[in-house]
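Quick notes on the structure that follows.
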């Protein structure tokens, strides 16, 4: 102990100084301003500290030179350094935000589609979530809305408790809990659950200037857009409609021309040929700036193959084999597409594998100036066969088979000179405005069906093609995967490995270790 004269004032002064400075710092942290009160408290604390050092300097010097004091001082310095490091990390985390989502399917990360739409908001969007204060799902909705606001300063949200503020609920016509209202200009949308896909679809409906119509041609054995059977398009139709589009069926023989409101025509796996009059209507539609998606399976009618050849497309009379697909749990007739065109809007940021069950090759001579591209190719381990499928074709033969990569999706644009539009806009004749008809051709129509739509990137790839044709580039992206059961797909070899490792090898090692420990203890007794 240090023997100090006037020791009765030492303890109060040594406590008073840091307490005054701490109170001043707390007041500054709360108010956010270095006003008179916090400044006075800090200065008084510093003056008290100076008085303490001036009055008791000899005694303090002797006290500091003691060995125990040096140890205590070193400990204090290490503690202060540790606290300073923690403080710096906290300060940096406020300015430089880095977040990592390690959950399955990135459950707590917004999809690229949602982020893209949020960043494209032109006006402020007001979001009001009507939740009780004790509602167990309130926090989940808050976290979701907070993520939305993180990516766009124009996305503003607040919570209202209908029990405590019934007047506001009545004002907006809200009659149930867990209801979220979105206001954008003079438009309104209501969402009923804590779902990113539903919330994003509501935003799409709010920001869209019009509802475009997509026509699926029928009458030739095409896929049924209302069917929920394995080969139907019922599920993909629901998604298209939720993303603010109308979906209609069209029988070409029943109309004089393709409807004027058709944003896109879809030909999905026809089994019989088109009449020449039907093809003429499609040609007229394309030449007027229309957009068509042709999805033709192996063995499709020759009339359509020859028709598309007139636009530069080469559809092979073949079938693609891919042994790599077995790694993903599919069969060898389901080639995996892993290579995409890096510059085309449909596939520019697309990095997800897609599966094309029973696909044929599609090719076009690439001419970027006229919009002709080959978009999606299978792996180098694939090959295409012609003729019948038999055991001889299940192994690659360089003399009879074509080695991959093999293209399965191609696109082109048809230049149109619109003299009428030019005369109306400028009043001059002989000058035309360039417009473009667009055609996309795929060598398979099963990949967006109910059975295969949820495989990897199948859904997103189909929708991206559709929305590119409809000139809705804002919707071209990767969508959110809804949380659910995620099955583990193993090959036969992988299944045997898991069985031997978990059932035979690991238990055997544990048993052997136990026997060894027991034997050693007995020898030591």
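Numbering (my numbering), first residue to last: 2 to 526.
Ideal Cβ positions, reconstructed from N, Cα and C, are used throughout, including at glycine.
All of these numbers come straight from a predicted model, not from anything done at the bench.
- When secondary structure is reduced to three states using DSSP, residue 292 falls in the strand class.
- Secondary structure at residue 411: strand, using DSSP grouped into helix, strand and coil.
- When beta bridges are read from the DSSP output, residue 246 appears opposite 213.
- Apart from the 5 residues on each side of it in sequence, residue 251 sits with its Cβ closer than 6 Å to the Cβ of 216 and 218 in its chain, given in chain order.
- Secondary structure of residue 516 (DSSP, three-state): helix.
- Under a 10 Å Cβ-count criterion, residue 156 is classified as buried, with 16 or more other Cβ atoms of the shown protein chains found around its own Cβ.
- Rounded to the nearest whole angstrom, the C-alpha separation of residue 198 and residue 145 is 11 Å.
- Residue environment: residue 168 is assigned as exposed (fewer than 16 neighbouring CB atoms within 10 Å of its CB, all protein chains considered).
- The Cβ-Cβ distance between residue 358 and residue 390 does not fall below 8 Å.
- The C-alpha of residue 30 is placed about 17 Å away from the C-alpha of residue 46.
- By the neighbour-count definition (other C-beta atoms within 10 Å, threshold 16), residue 455 is an exposed residue.
- By the C-beta density criterion, residue 463 is buried, having at least 16 other C-beta atoms within 10 angstroms.
- Nearest C-alpha to residue 171 among 188, 135 and 131: 131.
- A distance of 8 Å or more separates the beta carbons of residue 174 and residue 287.
- Rounded to the nearest angstrom, the gap between the Cα atoms of residue 284 and residue 209 is 29 Å.
- Separation of the CB atoms of residue 233 and residue 224 is rounded to 6 Å, and the pair is thereby assigned contact status at 8 Å.
- Here residue 407 really is in contact with residue 383; their C-beta atoms are around 6 Å apart, less than 8 Å.
- One Cα belongs to residue 200, the other to residue 243, and the distance between them is close to 11 Å.
- Boundaries of the beta strand (DSSP E) harbouring residue 376: 374-379, taken from the DSSP string.
- Taken in chain order, the complete alpha helix (DSSP H) segments of 4 or more residues contained in the stretch 132-200 are 139-152 and 167-172.
- Shown here for residue 394: same chain residues with a beta carbon closer than 6 Å to its own, the five before and five after excluded, namely 386 in chain order.
- Between residue 441 and residue 409 the beta-carbon gap is near 12 Å, outside 8 Å, which marks them as no contact.
- By DSSP's assignment, residue 341 forms a beta bridge with 377.
- Around the Cβ of residue 264, a 10 Å sphere holds 16 or more other Cβ atoms; the residue is buried.
- Using a C-beta cut-off of 8 Å, the stretch 501-515 makes no contact with the stretch 138-153, since fewer than three inter-stretch Cβ pairs fall below that distance.
- Listed as beta-bridge partners of residue 403 by DSSP are 385.
- In this structure, DSSP gives residue 126 an extended state, which the three-state scheme calls strand.
- The C-alpha of residue 204 is placed about 12 Å away from the C-alpha of residue 476.
- Of all alpha-carbon atoms in 289, 150, 136 and 32, the one lying nearest the alpha-carbon of residue 126 is that of 150.
- Taken atom to atom, the span from the alpha-carbon of residue 294 to that of residue 416 is near 17 Å.
- Pairing residue 449 with residue 459 gives a Cβ-Cβ distance under 8 Å.
- When DSSP states are grouped into helix, strand and coil, residue 220 belongs to the coil group.
- Per DSSP, residue 269 is one residue of the beta strand (DSSP E) stretching across 263-269.
- Secondary structure of residue 436 (DSSP, three-state): strand.
- Scanning the stretch 293-326 from its first residue to its last, the whole beta strand (DSSP E) runs of 3-plus residues come out as 314-316 and 320-323.
- Residue 356 and residue 414 have their C-alpha atoms roughly 25 Å apart.
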